[in-house]
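These notes are about the structure you will find just below.
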Amino acid sequence: VHTRLRWYLLAWDLDRKAWRTFRVDLIAPRPLAGRPFTPRPLPADDIAAYVSNAVSTEVYRYRARVTLHTSAAEASRALSAIAVRVEPLDDHRCIIHTGADSLAAL
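Just so it is clear: in the sequence shown, position 30 is 14 by my numbering, and no numbers are missing.
Encoded structure:
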């Protein structure tokens, strides 16, 4: 999945038994472990939204939802897709979902 600035890989972690999101530029090649590939159902219908949520809010200790009195399109242009997920409410309002590791940073 591509956000504005980065590519992410969504993959099932056999050891953790959970879906994980990895920044592609931080993946280092490793020798094959010899485990066979088993396809599985994806965790959501909209994988781009799923990954966006994972990298913009789920990784942080503190999360926030903020209502903005501007369109989702305008908020998306002004804010980093890596830092927030934008949800339209109507033509003139939207909610942003974001997070941080401290309340001061949030």
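Glycine included, each C-beta is placed from N, C-alpha and C at the ideal position. As the structure is a computational prediction, the values presented were derived from the model and not from experiment.
Buried versus exposed, by CB contacts within 10 Å (16 or more), residue i
| i | result |
| --- | --- |
| residue 69 | buried |
| residue 39 | buried |
Euclidean distance between Cα positions of residue i and residue j
| i | j | result |
| --- | --- | --- |
| residue 75 | residue 53 | 10 Å |
| residue 19 | residue -6 | 18 Å |
| residue 72 | residue 55 | 7 Å |
| residue 0 | residue 6 | 14 Å |
| residue -11 | residue -2 | 28 Å |
| residue 47 | residue 35 | 16 Å |
| residue 27 | residue 8 | 19 Å |
| residue 91 | residue 88 | The structure shown has nothing for residue 91, since the chain only spans -15 to 90. |
Residue i - partner residues in DSSP beta bridges
| i | result |
| --- | --- |
| residue 7 | -8 |
| residue 18 | For residue 18, which the question treats as bridged, DSSP gives no partner whatsoever. |
| residue -3 | 2 |
Three-state class that DSSP yields for residue i in the structure shown
| i | result |
| --- | --- |
| residue 47 | strand |
| residue 28 | coil |
| residue 70 | strand |
| residue 41 | helix |
| residue 56 | helix |
| residue 62 | helix |
Within-7 Å CB hit, residue i to chain C
| i | result |
| --- | --- |
| residue 20 | No chain C is part of this structure, which consists of one protein chain only. |
Worksheet item: Do the region 39 to 51 and the region 80 to 88 touch if we need at least three Cβ pairs shorter than 8 Å?
Response: yes
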